[in-house]
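Residue numbering for the sequence shown follows the working numbering, beginning at 271 and increasing consecutively. Using N, Cα and C, we set each Cβ at its ideal position, and we do this for glycine too. Since the structure is predicted, the reported quantities are computational estimates derived from the model, not experimental observations.
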Amino acid sequence: MKVTREQAAANRAAIVKAAGRLFRERGFDGVGVAEIMKAAGLTHGGFYGHFASKDALAAEACGKAFGDTIERLEAGRDQAGRDLGSYVETYLSDTHRSRRDIGCPIAALATDVPRQEPGVQTSYAEGVDRFIDTLAARFPALAGTEGDRNRAILVMSALVGGLALARATEASDRALSDEILAAVRDEITKLPRT
271 MKVTREQAAA
281 NRAAIVKAAG
291 RLFRERGFDG
301 VGVAEIMKAA
311 GLTHGGFYGH
321 FASKDALAAE
331 ACGKAFGDTI
341 ERLEAGRDQA
351 GRDLGSYVET
361 YLSDTHRSRR
371 DIGCPIAALA
381 TDVPRQEPGV
391 QTSYAEGVDR
401 FIDTLAARFP
411 ALAGTEGDRN
421 RAILVMSALV
431 GGLALARATE
441 ASDRALSDEI
451 LAAVRDEITK
461 LPRT
């Protein structure tokens, strides 16, 4: 039975969405094509009709995860959560710590990307670059003159590092994990505003 173009596009989108979720949860090498296809509700045999390789899927899924993250960040521009403190609270929350699969791809994939193919590395680097620019544009507290990007890089690095350490220590020392989240939240909100 022939699949319509619309159905093929929907199937591809389902594969990318499932892959993005699973890659963030378990890493690129922690999940196989068969598992991704099952999570997308499709058969394993249909994979190569959509992607040349798992690496091609990984690059696209990484780009899509960044696109979704940046879209959510931009959407908050005209809402009540306009201030940096609200964003930091959300980013360094218990929910974000425990939900790698739907969280920020920067933190979820940072240690995994260096071991991937160049296409995945490029997709990740482009996503980080877009995130920095969006963060700088989104929060007036990060505005200044030449320091716009530097301050955004500093805040992003603190958020990602804090979240990564909180995730790494959560199972063995929940108190330490909580302390890391709280300390990073507190210190970011103390940064001088321009």
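Rounded straight-line distance, which links the Cα of residue j to that of residue i
i    : j    : result
R296 : D448 : 22 Å
D456 : R342 : 23 Å
K460 : V358 : 12 Å
A434 : K272 : 45 Å
G373 : L362 : 11 Å
H314 : V425 : 41 Å
A335 : D371 : 10 Å
G311 : V383 : 26 Å
A288 : P375 : 14 Å
L446 : N420 : 29 Å
A304 : G316 : 10 Å
F321 : Q277 : 16 Å
V454 : I285 : 35 Å
E387 : G300 : 15 Å
Y394 : A329 : 8 Å
V390 : M307 : 19 Å
G346 : A326 : 31 Å
Limits of the unbroken alpha helix (DSSP H) element including residue i
i    : result
D399 : P388 to R408
Y357 : L354 to Y361
A377 : P375 to L379
L343 : K324 to A345
H366 : D364 to S368
V303 : V303 to A309
G290 : R275 to R296
V458 : As written in the sequence, residue 458 is Ile, which differs from the Val given in the question. Segment R444 to T459, the alpha helix (DSSP H) holding I458.
Classification of residue i by the beta-carbon crowding that lies within 10 angstroms, buried from 16 upward
i    : result
P462 : exposed
H366 : buried
S323 : exposed
R444 : exposed
A331 : buried
G302 : exposed
T274 : exposed
R437 : buried
Any chain B beta carbon closer than 8 Å to residue i
i    : result
C332 : Of the protein chains in this structure there is only one, and it is not chain B.
Check: residue i C-beta below 7 Å from any heavy atom of the ligand PLP
i    : result
A406 : Absent from the structure shown: the ligand PLP. Ligands present: none.
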